[in-house]
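Take a look at the structure set out below.
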């Protein structure tokens, strides 16, 4: 916190409660809407709902109240299921939104605490710093080199510098802190803020549809058009035969209901929303559900080093004093603090200056270590006596930072730290001295240490240079930190490699340090390195080729990171990118999958990213990609099931009528709606809950540009549907041959269709592994849904009131056995196909 003569205590707990009661919470009221009503309106506009209502109306008009009441109840049941699924998906998304909301620092009870931005109340004192969003309107009370980007309100892209003495000392909700730090008293919250009044919000921006959503939408539209054409044909044939307008319309509606695959968009929404919810439970926040679809396609992961590969637990390991050309260890080579010798004045000066070049309130691991080291030095602690009067944030290529401190006597300390090359360039050194320093850098870097240069300068007056690099620095030495690799990172990399995903390290650190750490964790090809300046000098064609073979990118800056992402995209790669800093925002936004760290990530990074790893655990990315692949595969299974089961329903309604068979209208709307009630839960509940197949993370990523189904897959689904149709038609003709009544024929065909549906549900759980393998998958919903289907079917057959209503009649045990056998044979043939597929699969398959 900024030093002041009168420390700010902030609000007490009672004052917070009182303010919230009087003034409300920090949320935008105009965003509230009735989600239930919206879902209801959307459902009423669906073609299937309109068909059901039309069929119900016809039953009542014609006096068939039994079927009318059943259809009305069925509409209520289907609507309830649909609204429940919509509600479940919406609740999952709302939970994600709450988790991904930004945090803010406030001073309460004399302490700085972090709270959800919505919990800020009027009168609070908020601390805002570089890389954060301003969560409420306020007045600056204290500041250090504070500037804010207010483009969301003014359209002006340049940052505006402000302090407590400025004519305009106000900060506004939604703006971004570009530099420095400020403490502000909150003057407006929620819809009372300047942003709230004009109603601007990122949440009001409509989300674009993904390629998969578009493909699914187009498929459903095409099927609806086909249904409309066939509906007209069937209506015409029936009317020609019966001359009964309403009866022929009802029979045509039966076919139209069987054609429209309304389960598909419902399945897509459910799978994506619940997939995002499952990821949240695993510690991964998905800000937009469409990201779930992209995860399974990731081909390249660009990762930072610090805090991603390493633990971000910086400890001071070594230092080098330039004036006496001496390299000293802080205990041992792993950076454990165990100082066995008394520091001389030169060493004390170096470590003190490194601390003065850090933030007064350290949050970076290295700066925390420097403050701790300074506190342990056997010298007077001057931190309370000096105030930060000017600072230059981390910038430059390579980067450095400079802080200007001053005490009441006017004594100044101007200290800088950063990349050794940056300090060397800003110091007046001979070629020999530069070589001497670089040798020390290499010695430290070869041990995997992160190395910083330290410099000091003098300056009179307040007309500071525009750039810190314009100061004439005196090079004082080097400090090196050890950041141990994460224990699980070797396994994480191996998982990515097995899944056919390329891993690239993109870091601001130097090549030697990064390569050393990379070798320690089993990173492949750590010698293929490219630095930021070399990368920027390349033309697009050269970079496009180079970016694929390079594994480590060092001394990176925002423009270079963007060029890496673009070059990878030009190679048709699906890119995931990790980042946590302010400067990572553009690259995170540009990547297909931006990944921010939940703990050490800035609000800018979190806002730009698609995913947030709550515990900064990079190993969660393997879980996220596995989940993305699983959801994609399970959605594909569900839709293939829908296609396969719709074909026999359509054809068993259409063929007898078109060919003029004895019983032309074997099924009515009540039978179709019953089948819809069975099929909906099967595809949306059973397949969504399916576990991941064991070979899924051994497959190469699926190309994101390919259509949802390839020709082979759609052919398999069509063949599955046709085989079931042949079975149904065989049973139909068999019943005719043995002189069965229409009711007995209907019952036997219906039983065959139900048994085919049960077997199809089981075999479609995998298009690679056999049913004997998938039957052991842990999915309790399979047994529950299938048992429920069998019980309800039994009730329809053997309870007279239900049998009469559905126009069924009791059939012999041999006919029941025939229905089950035909259902088994017409579906289980695919197990032979899967057997040949497993035997043929020699090379690494691709997710399809």
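Numbering (my numbering), first residue to last: 308 to 1155.
C-beta: ideal position from N, C-alpha, C; glycine also.
Small disclaimer: the values here were computed from a predicted structure and weren't measured.
Practice problem: May I have the straight-line CA-CA distance separating residue 421 from residue 931, to the nearest angstrom? | Solution: Note on geometry: alpha-carbon atoms of residue 421 and residue 931 lie some 27 Å from one another.
Quiz item: First and last residue of the beta strand (DSSP E) that includes residue 622?
Solution: Taken as a continuous stretch (DSSP letters only), the beta strand (DSSP E) holding residue 622 covers 622 to 628.
Quiz item: Which of the three DSSP states, helix, strand or coil, is assigned to residue 906?
Solution: For residue 906, the three-state secondary structure derived from DSSP is coil.
Quiz item: From the DSSP output, which residues share a beta bridge with residue 634?
Solution: Residue 634 pairs with 627.
Quiz item: Roughly how many angstroms lie between the CA atoms of residue 919 and residue 586, to the nearest whole one?
Solution: Each residue's alpha carbon lies about 10 Å from the other.
Quiz item: Taking the alpha-carbon positions, what's the residue 473 to residue 722 distance?
Solution: Note on geometry: alpha-carbon atoms of residue 473 and residue 722 lie some 27 Å from one another.
Quiz item: In the stretch 1049 to 1095, which residue ranges form an unbroken alpha helix (DSSP H) of at least 4 residues, counting only runs that do not cross its ends?
Solution: Listed in chain order, the complete alpha helix (DSSP H) runs (minimum 4 residues) inside the stretch 1049 to 1095 are 1049 to 1070 and 1078 to 1081.
Exercise. Tell me, please, which residues DSSP counts as bridged to residue 609.
Key: In DSSP, residue 609 forms a bridge with 811 and 884.
Exercise. Tell me whether the beta-carbon of residue 589 lies closer than 8 Å to the beta-carbon of residue 805.
Key: It is not a contact, given that the beta carbons lie outside the stated cut-off.
Quiz item: Is it true that the CB of residue 1133 sits closer than 8 Å to the CB of residue 1030?
Solution: The Cβ atoms of residue 1030 and residue 1133 lie closer than 8 Å to each other.
Quiz item: residue 802 and residue 929: beta carbons closer than 8 Å?
Solution: Yes, Cβ-Cβ distance for residue 802 and residue 929 is below 8 Å.
Quiz item: Using CA coordinates, which residue listed in 424, 425, 434 and 429 is at the minimum distance from residue 417?
Solution: The shortest C-alpha separation from residue 417 is found at 434.
Quiz item: Relative to the C-alpha of residue 742, which residue among 526, 632 and 690 is closest?
Solution: Checked all of 526, 632 and 690; the closest Cα to residue 742 is 632.
Self-check item: Pair within 8 Å by beta-carbon distance, residue 782 and residue 736
Solution: Taking C-beta atoms as the reference points, residue 782 and residue 736 count as a pair closer than 8 Å.
Quiz prompt | Residue(s) in a DSSP beta bridge with residue 582 | solution = According to DSSP, residue 582 shares a beta bridge with no other residue.
Quiz item: What's the C-alpha gap between residue 538 and residue 921?
Solution: Computed Cα separation, rounded: 52 Å.
Quiz item: Would you call the CB atoms of residue 744 and residue 661 closer than 8 Å?
Solution: Annotated as distal: residue 744 and residue 661, with beta-carbon spacing of 8 Å or more.
Self-check item: Contact set for residue 809: own chain, Cβ-Cβ below 6 Å, skip 5 residues either direction
Solution: Residues of the same chain with a CB within less than 6 Å of the CB of residue 809, apart from the 5 flanking positions on each side, are 607 in chain order.
Quiz item: Quick one: any contact between the stretch 315 to 334 and the stretch 492 to 500, if contact means 3 or more CB pairs under 8 Å?
Solution: The stretch 315 to 334 is in contact with the stretch 492 to 500.
Quiz item: So residue 747 and residue 623 are in contact, right, with Cβ under 8 Å, and what is the actual spacing, rounded?
Solution: With 8 Å as the limit, residue 747 and residue 623 do not qualify as a contact, their Cβ atoms being about 16 Å apart.
Practice problem: Indicate whether residue 571 and residue 533 have their beta-carbon atoms separated by less than 8 Å. | Solution: For the pair residue 571 and residue 533, the CB atoms are not nearer than the 8 Å cut-off.
Practice problem: Tell me whether residue 370 sits in a helix, a strand or coil according to DSSP, three-state version. | Solution: In the three-state DSSP reduction, residue 370 falls in the coil class, being neither helix nor strand.
Quiz item: For residue 455, which beta-bridge partners are listed by DSSP?
Solution: Residue pairing by DSSP puts residue 455 in a beta bridge opposite 467 and 484.
Quiz item: How is residue 690 classed by DSSP in three states: helix, strand or coil?
Solution: Note: residue 690 maps to coil in three-state DSSP.
Exercise. Note down, in chain order, each residue of its chain lying with its Cβ closer than 6 Å to the Cβ of residue 705, except the 5 sequence neighbours on either side.
Key: So the list reads 726, 728, 729 and 862, once near-sequence residues are dropped.
Quiz item: Three-state secondary structure (DSSP) at residue 838?
Solution: In the structure shown, residue 838 adopts extended strand secondary structure according to DSSP, grouped into three states.
Quiz item: Should residue 314 go down as buried or exposed, given a rule of 16 or more other Cβ atoms within 10 Å for buried?
Solution: Counting Cβ neighbours within 10 Å, residue 314 comes out exposed, since fewer than 16 surround it.
Practice problem: Within its chain, find whatever has a CB closer than 7 Å to the CB of residue 373; leave out the 5 residues flanking it on each side and keep chain order. | Solution: Within the same chain, residue 373 has close Cβ partners 1112.
Exercise. Would you identify the three-state DSSP class for residue 754, choosing helix, strand or coil?
Key: In the structure shown, residue 754 falls within a coil segment according to DSSP collapsed to helix, strand and coil.
Quiz item: Any idea which residues DSSP pairs residue 418 with across the strands?
Solution: Answer is 415.
Quiz item: Residue ranges of each alpha helix (DSSP H) run of no fewer than 4 residues wholly in the stretch 697 to 749, ordered along the chain?
Solution: Those alpha helix (DSSP H) runs which fall completely within the stretch 697 to 749 and span 4+ residues are 727 to 732.
Self-check item: residue 1028, DSSP secondary structure in three states
Solution: The answer is helix: DSSP assigns residue 1028 an H, G or I state.
Quiz prompt | First and last residue of the uninterrupted alpha helix (DSSP H) at residue 678 | solution = Where residue 678 is concerned, the enclosing alpha helix (DSSP H) stretches over 672 to 683.
Quiz item: Since residue 989 is in the alpha helix (DSSP H), which residue starts that stretch and which ends it?
Solution: Residue 989 -> no alpha helix (DSSP H), and no H or E assigned at all.
Quiz prompt | Cβ neighbour criterion (16 or more within 10 Å) applied to residue 1236 | solution = Only positions 308 to 1155 of the chain appear in this structure, which leaves residue 1236 out of reach.
Exercise. Return the Cβ separation of residue 664 and residue 697 in integer angstroms, given the expectation that the two are a contact with Cβ distance under 8 Å.
Key: At roughly 13 Å, the Cβ-Cβ gap does not stay under 8 Å, so residue 664 and residue 697 are not in contact.
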